[in-house]
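For the sequence shown, my numbering assigns the number 4 to the initial residue and increments by one for each residue that follows.
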Amino acid sequence: RCSVEHPHHTLPVLLSIVNLYLDKKYTHKLDSRALDKKNKESRVLGAKMLLDRLQSVDTIAPILTQMDKLSQALISLAYYKFGKDKGTYTIPNTEPILRIKNYDCALLPSFTLPVSKSGQYNNIVAFACYKCKNLSPKTETYPIARMSTPFKPATDTTLPATNNAPGLNNMPR
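So this is what it looks like as structure tokens:
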């Protein structure tokens, strides 16, 4: 019921549980048999079962689909191995994040959406794209997730990458 009434608050938590071991795909720290065993943990299976049930709810299915693709694309980008040279890098066209455009149902992951008692979330800050050149002024999504490529990664792993993505106030983040 919480996921149906407040999908932008609950689905990211469920997706994080389902994708708990997805990073092992990129780090190769577990063989496929060990990874399969990890994915059969009760919390992962429970979250998968709940997401499968939610996928059949007409109002939740598009939100869930877009959030899932976005989260998997961000995990892929996080594990992409750039060259060792310091400086500016270009995200290759093979990265899934560059194929995501106009996700009007997926809340921008860095945006905190206030909980609505009514459960109505009509004006979410949606994910436009990571590489936008010209967005129509008539678009219903906010192009705040633009990421200019090439970009300069952070030098410390605890710091976010410098990506010149404008926020709501058009200030680079």
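Just so you know, even glycine gets a beta-carbon here, dropped at the ideal spot from N, CA and C.
Local conformation of residue i per DSSP, three classes
i: residue 110; result: strand
i: residue 163; result: Residue placement at residue 163 cannot be trusted, given a pLDDT of 43 that sits under 50; what the coordinates show is reported in the next sentence. In the structure shown, residue 163 sits in coil (DSSP, three-state: anything other than H, G, I, E or B).
i: residue 156; result: Unreliable placement is indicated for residue 156, whose pLDDT of 48 sits below 50; the coordinate value is still reported in the next sentence. DSSP places residue 156 in coil when its eight states are reduced to three.
i: residue 11; result: helix
i: residue 141; result: Confidence in residue 141 is poor, its pLDDT being 41 and thus under 50, which makes the residue's placement unreliable; the coordinate value appears in the next sentence. Residue state, collapsed to three classes: coil.
Sub-8 Å separation of residue i and residue j beta-carbons
i: residue 7; j: residue 54; result: no
i: residue 78; j: residue 26; result: yes
i: residue 10; j: residue 63; result: yes
i: residue 57; j: residue 73; result: no
i: residue 100; j: residue 124; result: no
i: residue 109; j: residue 81; result: no
i: residue 70; j: residue 18; result: yes
Proximity test, Cβ basis, 8 Å: residue i and chain B
i: residue 46; result: Absent from the structure is chain B; it holds one protein chain and no more.
Opening and closing residue of the alpha helix (DSSP H) in which residue i lies
i: residue 128; result: Element bounds for residue 128: n/a, residue is neither H nor E.
i: residue 121; result: Where residue 121 is concerned, there is no enclosing alpha helix (DSSP H), given that its DSSP letter is neither H nor E.
i: residue 98; result: Segment: none, residue 98 is in no alpha helix (DSSP H) and carries neither H nor E.
Closer than 7 Å: residue i CB and nearest the ligand GDP heavy atom
i: residue 64; result: Within the structure as shown, the ligand GDP is missing, as the structure has no ligands at all.
Pairing CB atoms from the stretch 43 to 51 with CB atoms from the stretch 99 to 108, are three or more of them under 8 Å? As far as the Cβ criterion goes, the stretch 43 to 51 does not touch the stretch 99 to 108, which means the pair count is below three.
Could you name each continuous alpha helix (DSSP H) segment of 4 residues or more that falls completely within the stretch 18 to 86, going from the start of the chain to the end? Listed in chain order, they are 26 to 30, 35 to 41, 45 to 58, 64 to 81.
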